[in-house]
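Participant: Let me give you the structure first, and then I'll get to my questions.
Number of protein chains: 2
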Amino acid sequence: LKIHSFLTALQGVSGIHRFLTDPADCWAYGVDNSKEHHLPDAVLFPTSAEAVQNIVQACATYQVPLTARGRGTGTPGGAVPIFGGVVLCFEYMNRIVKTYASDRVVIVEPGLLNGDLQKAVRQEGLFWAPDPSSQDYCTVGGNLAHNSAGPHALKYGTPRENTLGLVFVDGQGRLIKTGVQTSKGVVGYDLTRLLIGSEGTLGIIVEATLKLLPLPEKTITLQVFYRSIEDASMAIIRVLQSNIMPAALEMMDSGSLALIRQHQSLAMPQEACAMLLIELEGTSAGAQEAAEYLTPLLSGEGFSQLHKAETAAEKSALWAVRKALSPTLRQIAPNKINEDIVIPISEIPTFVHFVETLSHKHQLSIISFGHAGNGNLHVNILYDAENLSESKRATICLEAIFDKVLALRGTLSGEHGIGLLKKAFIGRELSQNTLDLMKSLKHTFDPHGILNPGKIFP
Amino acid sequence: LKIHSFLTALQGVSGIHRFLTDPADCWAYGVDNSKEHHLPDAVLFPTSAEAVQNIVQACATYQVPLTARGRGTGTPGGAVPIFGGVVLCFEYMNRIVKTYASDRVVIVEPGLLNGDLQKAVRQEGLFWAPDPSSQDYCTVGGNLAHNSAGPHALKYGTPRENTLGLVFVDGQGRLIKTGVQTSKGVVGYDLTRLLIGSEGTLGIIVEATLKLLPLPEKTITLQVFYRSIEDASMAIIRVLQSNIMPAALEMMDSGSLALIRQHQSLAMPQEACAMLLIELEGTSAGAQEAAEYLTPLLSGEGFSQLHKAETAAEKSALWAVRKALSPTLRQIAPNKINEDIVIPISEIPTFVHFVETLSHKHQLSIISFGHAGNGNLHVNILYDAENLSESKRATICLEAIFDKVLALRGTLSGEHGIGLLKKAFIGRELSQNTLDLMKSLKHTFDPHGILNPGKIFP
Chain Y
1 LKIHSFLTAL QGVSGIHRFL TDPADCWAYG VDNSKEHHLP DAVLFPTSAE AVQNIVQACA
61 TYQVPLTARG RGTGTPGGAV PIFGGVVLCF EYMNRIVKTY ASDRVVIVEP GLLNGDLQKA
121 VRQEGLFWAP DPSSQDYCTV GGNLAHNSAG PHALKYGTPR ENTLGLVFVD GQGRLIKTGV
181 QTSKGVVGYD LTRLLIGSEG TLGIIVEATL KLLPLPEKTI TLQVFYRSIE DASMAIIRVL
241 QSNIMPAALE MMDSGSLALI RQHQSLAMPQ EACAMLLIEL EGTSAGAQEA AEYLTPLLSG
301 EGFSQLHKAE TAAEKSALWA VRKALSPTLR QIAPNKINED IVIPISEIPT FVHFVETLSH
361 KHQLSIISFG HAGNGNLHVN ILYDAENLSE SKRATICLEA IFDKVLALRG TLSGEHGIGL
421 LKKAFIGREL SQNTLDLMKS LKHTFDPHGI LNPGKIFP
Chain B
1 LKIHSFLTAL QGVSGIHRFL TDPADCWAYG VDNSKEHHLP DAVLFPTSAE AVQNIVQACA
61 TYQVPLTARG RGTGTPGGAV PIFGGVVLCF EYMNRIVKTY ASDRVVIVEP GLLNGDLQKA
121 VRQEGLFWAP DPSSQDYCTV GGNLAHNSAG PHALKYGTPR ENTLGLVFVD GQGRLIKTGV
181 QTSKGVVGYD LTRLLIGSEG TLGIIVEATL KLLPLPEKTI TLQVFYRSIE DASMAIIRVL
241 QSNIMPAALE MMDSGSLALI RQHQSLAMPQ EACAMLLIEL EGTSAGAQEA AEYLTPLLSG
301 EGFSQLHKAE TAAEKSALWA VRKALSPTLR QIAPNKINED IVIPISEIPT FVHFVETLSH
361 KHQLSIISFG HAGNGNLHVN ILYDAENLSE SKRATICLEA IFDKVLALRG TLSGEHGIGL
421 LKKAFIGREL SQNTLDLMKS LKHTFDPHGI LNPGKIFP
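From first to last, the protein sequence lines are chains Y and B. When the letters of the first sequence are read in order and numbered with the numbering used here, they come out as residues 1 to 458. When the letters of the second sequence are read in order and numbered with the numbering used here, they come out as residues 1 to 458.
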């Protein structure tokens, strides 16, 4: 009933491209990559910041929950409207508002696809550093909501390091402009980074000023095979203790390589049980020198082979394999627990050994790969949900992994966020005092409790 | 009276190294580099986080204002206890708690001097990027409070990009742990960056986890002279549109060069009216290649001379001149308005031309220098405070500069903060909605209003 009053109140408000209220139409907007689902009462497609303000104000008046949505690629369920209400869809707010190429700044709307942004600024010789695997079909707004990064965060940072300012609508419908258009600034509180990673619970981003970087002159990709994951992880430590900072340093374990062997054609030595993918960027001479410098560090115990890819075709073949891993895994293992824990670099060997032992003990396949240069591993526990014993063992493994991560001074999420699926675990990492302060902060931004309710907090 | 009850309540609390209550002893703790002064009622020197919690709780109970203090090097008066009360001095909380060299992480107490931190981690081949000119006598806690950076922020960022986590005490005396010890993390809200730059108004930082970087193999410093500041600023644009990112790019105008000519011995061509100092860091070949690549871009209209400094002695002589500018200026011009505005790179020529015109029009010497690669200029308006007309003209110039900066999409402060002296101007940059939200956020963190009251907000 309140939803009807709400919708009536919005009749005639300009800047709303479409209203969906038929459950059949709304259905697809109730799910994201977590596979959780809850039907929203309505789906709205705003086309302006003012429309978003009007919608938020109406939600506040009628106590209607509001969940902002990019393209639903998030894995922990952040975009699922678990209390129904309204899903706010940014498909029609996807413009590049203005590019200041000389200042390396671009102003965009939140519904712009990351990949479309990259294509546009590439023409100016620039790129935006965050590059999730899903970049061709995830939005900048979603990247900001979860601080989603990707391989190149190693050298260039996450959205927090690559966003200069935001315009957002708070839970009272007020338009707030925060941050700067310059590479430095300290005027008032840093609401920009506070909003980034807040998963739509503090405000609705309607515009973002992003920091761009110049495309490097030269990129060299090294593909290195090892006999064991422990050997590969020791090589990572040697590389990251040098003063060469790779642009990306990805790791794949034996399970990942088995998948690749089955589903893709990529030559690799028989004995290989782990692979590193290292990207070096810089001037021509600088990148070459970096590759020469790293080569002996990459050899050592358990080293098998090193390939240096220099042509665009070779490089994109290597990355295609890496980027296909996550979707391939999803195909073959519909029930997987997909985590994105982070551990300090020096603890990677301990951690991968722990996971191997756990996998043997509970007889479950656990496949790890990801942004090892940041210590950010995607740990996938595969199980058959119809098999009660397997489901139970998967949960035991998950809890053991989280506890180990925290014991090793790590964190439960590097780039996916907490959303719905990890909120039961947040109390293991954050103290009650910290959670209480965060909750009061949520109340300050959203006194009516309408913004993506039921997320982050247990 | 309330201060006496407060001090009585703290008797016997452990972890307080010293109490000062004699006005003669307290006097020096009532001033900072703003030259504003207000006598505190007491100065306390905590030695532990627990002591800070006890002090904050007592301040809340007795409604005593609390101003945290590093070494008082800040220029906008952030450390001046304008309502008296307690100054909390971190001189005895200056330890390096733990260094994880392989993870490039160090955990420190807030009273540690930036320079002492650099000396300690240099032994491990590492550095912390923020390097204010005052680094030998300013604290890490102060750097965090104001997000203070320095020349190398161009390539490596400010404290916000180089701090992983914090432990702080909120206005209710609760101990809050936020952030991570890894290079990525998105669990709960980003209170780390929110505290950074909040000038002691949201919480008292008692421990910081800092991100370290490897010392570069090779550094090359280029010193380039131009016939005019406009010519120098066009060269900056050419450099920053290339895909070489200098570690630092500093600019000095004719007034700065005149000062150097008078007070220092540094050879420079007669016709030089502007100087750039550019630092290139990387592998040996990489840095050399970058220097060769930039050299033709640095020539052009108004170019006079280029010197390449490679020996440590040459380089430190160049930097000594740059770092001495601010103190020298202070000596010769006791009354100066020292601003640190930021403008987009592409607007530097327009801005420096504007300042020159303004200086002529109002017959006041305005000296600009600073971190031009970030568009962050320290604009110094020199005047005689005894001369009423000059004082008035100085204020007119200041207001005109602020308005111009905002019209050019800039910001009023890059690294000094707002403190006391700039709070009258913050409303020109931030909307009332934004200020209102920031004030409620302040109330959430500090419901009793005891943390550095009277700062930031008008």
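Built from N, CA and C at the ideal position, the CB exists for glycine as well. A quick note: this is a predicted structure, and the numbers were derived from the prediction, not measured.
1) By a C-beta neighbour count over all protein chains shown, 10 Å radius and 16 as the cutoff for buried, is S346/Y buried or exposed?
2) Using the rule of at least 16 other Cβ atoms within 10 Å of the residue's Cβ for burial, across every protein chain shown, is D403/Y buried or exposed?
3) Would you kindly report the start and end of the unbroken beta strand (DSSP E) that includes D436/B?
4) Give me the Cα-Cα distance between K155/Y and V169/B, rounded to the nearest whole angstrom.
5) Can you grab the Cα-Cα spacing for the pair S284/B / I278/Y, in whole Å?
6) Which parts of the region 188-252 of chain Y are runs of the alpha helix (DSSP H), unbroken and 4 residues or longer, counting only runs that do not cross its ends?
7) Looking only at its own chain, which residues have a Cβ that is under 7 Å from the Cβ of V180/B, when we skip the five neighbours before and after it?
8) Rank L421/B, L210/B and A258/B by C-alpha distance to the C-alpha of P130/B and give the top, closest one.
9) Okay, do the region 184-193 of chain B and the region 438-451 of chain Y touch, 3+ Cβ pairs below 8 Å being the bar?
10) Quick check: is the beta carbon of M234/B nearer than 8 Å to any beta carbon in chain Y?
11) Using the beta-carbon of each residue, which ones in chain Y are nearer than 7 Å to N335/B?
12) How about the region 88-102 of chain Y and the region 417-436 of chain Y: do they share at least three Cβ pairs that are nearer than 8 Å?
13) Helix or strand or just coil, what does DSSP make of R69/B?
14) Between which two residues does the beta strand (DSSP E) harbouring F425/B extend?
15) Which residues of chain B have a Cβ atom closer than 9 Å to the Cβ of E161/Y, listed in chain order?
16) Round the Cβ separation of G417/B and G111/B to the nearest angstrom and send it over; I've been treating them as touching at under 8 Å.
17) In chain Y, what lies closer than 8 Å to A290/B by C-beta?
18) For the region 235-246 of chain B, enumerate the residues whose C-beta is nearer than 9 Å to any C-beta of chain Y, in chain order.
19) Whole angstroms is fine: what's the gap from P81/Y's alpha carbon to L202/B's?
20) Against chain B, with Cβ distances strictly below 8 Å, would P470/Y count as a contact?
21) Find the nearest neighbour of T444/B within the set G72/B, L406/B, G173/B and D32/B, judged by alpha-carbon distance.
22) Give the straight-line distance between the Cα atoms of T328/B and P334/B, rounded to the nearest whole angstrom.
23) For the beta strand (DSSP E) containing Y62/B, list its first residue and its last residue.
24) Distance, Cα to Cα, Y293/Y vs C59/Y?
25) Locate the alpha helix (DSSP H) running through F402/B, then write down its first and last residues.
26) Name the residues in the region 416-430 of chain Y whose C-beta lies less than 7 Å from a C-beta of chain B; which are they?
27) Starting from A153/Y, find everything on chain B with Cβ-Cβ shorter than 7 Å and list it in chain order.
28) In angstroms with no decimal places, state the Cα-to-Cα distance between R393/B and A424/B.
29) Starting from the C-beta of E212/Y, find all residues in its chain whose C-beta is less than 7 Å away, skip the five residues before and the five after it, and write them out in chain order.
30) Does the distance from the C-beta atom of T221/Y to that of A287/Y stay below 8 Å?
31) In terms of residues, what are the limits of the alpha helix (DSSP H) holding E289/B?
32) By DSSP's criteria, E279/B is part of a beta bridge. Which residues make up the other side?
33) Taking the beta carbon of V97/B as the centre, do at least 16 other beta carbons fall within 10 Å, making it buried, or is it exposed?
34) Would a check of beta-carbon distances place H353/B closer than 8 Å to chain Y?
35) Whose Cβ in chain B lies nearer than 7 Å to the Cβ of R122/Y?
36) Taking a cut of 9 Å between CB atoms, which residues from the region 359-380 of chain B lie near chain Y?
Facilitator: Checking against the coordinates, here is how it stands:
1) buried
2) exposed
3) Element bounds for D436/B: not the beta strand (DSSP E) but the alpha helix (DSSP H), Q432 to F445.
4) 32 Å
5) 21 Å
6) 191-195 and 229-240
7) L164 and G165
8) L210/B
9) yes
10) no
11) Here the premise fails: no neighbours, minimum Cβ distance about 24 Å.
12) no
13) strand
14) It is not in any beta strand (DSSP E) - F425/B carries neither H nor E in the DSSP assignment.
15) G157, R160 and E161
16) 19 Å between Cβ atoms; not a contact.
17) T283 and G286
18) I237, L240, Q241, S242, N243, I244 and M245
19) 33 Å
20) As shown, chain Y starts at 1 and ends at 458. That puts residue 470/Y outside it, with no answer to give.
21) G173/B
22) 10 Å
23) That residue, Y62/B, is in no beta strand (DSSP E); its alpha helix (DSSP H) goes A49 to Y62.
24) 58 Å
25) L388 to A407
26) G417, I418, I426, E429 and L430
27) K184
28) 18 Å
29) Residue identity check: residue 212/Y is Leu in the sequence provided, not Glu. Closer than 7 Å at the Cβ level, and outside the excluded window around L212/Y, lie R104, V105, V106, V121, L126, F127 and W128.
30) no
31) S284 to L298
32) T221/B and A248/B
33) exposed
34) no
35) Here the premise fails: no neighbours, minimum Cβ distance about 13 Å.
36) H371, G373, N374, G375 and N376
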